[in-house]
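Under our numbering, think of the first position of the sequence shown as -18, with each following residue one higher.
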Amino acid sequence: METCLREEHCLEVLKTCYDPELPVNIVDLGLIYACRLTKRPEGGHEVLVQMTLTAPGCPMSDQLKREVEEKLMDLSGVHRARVELVFDPPWDTSRMTEAARLQLGLM
């Protein structure tokens, strides 16, 4: 029997990915703009994550993308994971959760 995979499962696993320059996970930092699951006819799911970076020229972007894809592929029922970097709208601190702001001393 196939596991019922939901967006919440993906976001939960992405909370284990951290921005290379800040001690905050990428979900609470507000870098994840969208997470879409598509059921595949042959079984399993494809996951597409649209995410941004705190700065467009981030030298760690490839490493962070790879980490996100690998963590998603570890989820039961995921057969393909893709990360699309987007920069519109640009990231700013208003996208952070309250917990992230507290953690960084912004509140």
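A virtual CB, placed ideally from N, CA and C, is assigned to each residue, including glycine. Every value quoted in this text rests on a predicted model; they were computed, and no experiment measured them.
Residue of the options minimising C-alpha distance to residue i
i   : options               : result
Q31 : R(-13), M54 and A62   : A62
G58 : L34, T74, L18 and M88 : L18
Rounded distance between the beta-carbons of residue j and residue i, thought under 8 Å
i   : j   : result
V49 : C16 : That belief does not hold up - the Cβ atoms of V49 and C16 are roughly 10 Å apart, past 8 Å.
L34 : L83 : That pair is no contact at about 22 Å.
Helix, strand or coil at residue i according to DSSP, with G and I counted as helix
i      : result
K20    : strand
E51    : helix
A62    : strand
E(-17) : Any answer about E(-17) is weak, because its pLDDT of 49 lies below 50 and its placement is not dependable; what the coordinates show is given next. If DSSP states are grouped into helix, strand and coil, E(-17) belongs with coil.
One or two residues paired with residue i in a DSSP bridge
i      : result
H(-10) : The partner list for H(-10) (beta bridge, DSSP) is empty, contrary to what the question assumes.
Y(-1)  : N6
Euclidean distance between Cα positions of residue i and residue j
i   : j     : result
G86 : P70   : 24 Å
G38 : L(-5) : 22 Å
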